[in-house]
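Numbering (our numbering), first residue to last: 33 to 106.
Using N, Cα and C, we set each Cβ at its ideal position, and we do this for glycine too.
Predicted model, so just to flag it, every value in this text is computed and none were measured.
Notes follow once the structure below has been shown.
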């Protein structure tokens, strides 16, 4: 309650996050963008770190287009 009353936390894009640390200057601190959504980068990280058990099952991954009009590049 005390930290919330002092404005230590702020809402940005519907997500509560720590507010910028106070800087005693003429330029006010602002939040330019919100944090990433939880799990938004899980697939990329799992692939980069070679942790296949964190990847979703193949059936839930987006599949490449199977349009017969589209020719595969050679």
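Going by DSSP, what residues sit across from residue i in a beta bridge?
i, result
"residue 43", "48"
State the Cα-Cα distance for the pair residue i and residue j, rounded to the nearest angstrom.
i, j, result
"residue 80", "residue 58", "42 Å"
"residue 33", "residue 84", "41 Å"
"residue 82", "residue 72", "17 Å"
"residue 63", "residue 69", "16 Å"
"residue 90", "residue 67", "28 Å"
"residue 47", "residue 40", "14 Å"
"residue 65", "residue 74", "20 Å"
Sorted by chain position, which residues of the same chain lie with C-beta nearer than 6 Å to residue i's C-beta, five sequence neighbours on each side aside?
i, result
"residue 138", "Because the chain in this structure spans residues 33 to 106, residue 138 falls outside the shown range and cannot be described."
"residue 35", "none"
"residue 44", "63, 66"
Looking only at its chain, what residues have a beta carbon closer than 8 Å to the beta carbon of residue i, apart from the 5 residues adjacent to it on each side?
i, result
"residue 61", "51, 52, 53, 54, 55"
"residue 106", "Residue placement at residue 106 is flagged as unreliable, the pLDDT there being 46, under the threshold of 50; the coordinate-derived value follows with that caveat. Closer than 8 Å at the Cβ level, and outside the excluded window around residue 106, lies no residue."
Over the uninterrupted alpha helix (DSSP H) stretch that includes residue i, give me the two end residues.
i, result
"residue 79", "74-80"
"residue 86", "Neither: residue 86 is in no alpha helix (DSSP H) and is coded neither H nor E."
"residue 37", "34-37"
I'd like the list of long-range same chain contacts for residue i, defined as Cβ closer than 7 Å, with 5 residues on each side in sequence excluded.
i, result
"residue 42", "49, 51, 63"
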